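Reminder that position 83 of the sequence shown reads as 83 in this note's numbering, one-by-one numbering, no gaps.
No residue lacks a Cβ here, since even glycine has one placed at the ideal position from N, Cα and C.
Quick caveat: nothing in here was measured; it's all calculated off a predicted structure.
What follows is a set of notes on a single structure, which appears directly below.
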Amino acid sequence: MTHGMQKFRKGYDPVRAVAGPGFRAHVLSMKQSDIFRDNADNCLQLAERAEGQPTHKRYLRMAEAWMALANEQDWLDGEIPPVVVRVSQKQDA
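As structure tokens, then:
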């Protein structure tokens, strides 16, 4: 047995224990963007508990990236309109 590894009883699958039928049904009923937002929230919680500024900043950047993905997914799903970009044209005087 490797140092730090916990031995599980025969036939026990830790992945199936966590991702059982109830878990899958819950996740499948969630929108993809909501899952991304949950990930962002988890990163913010980790940032609050981080020891040291570099780790804190890393988790904040990860949270921002998850939120950007969530917003993009909402756009892809047609839930938010695309951003209108206006280009000002200079008039010759």
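- Where D34 is concerned, the enclosing alpha helix (DSSP H) starts and stops at Q32 to R49.
- Taking a contact as a CB-CB distance under 8 Å, the pair H56 and A63 does not count as one, their CB atoms being some 11 Å apart.
- Between D34 and A65, the C-beta gap is not smaller than 9 Å, which leaves the two residues out of contact.
- Here the alpha carbons of P54 and D41 stand approximately 19 Å from one another.
- R86 has its alpha-carbon roughly 29 Å from the corresponding atom of R37.
- The straight-line gap separating the alpha-carbon atoms of L44 and A68 is approximately 14 Å.
- Under the three-state reduction of DSSP output, D77 falls in the coil class, being neither helix nor strand.
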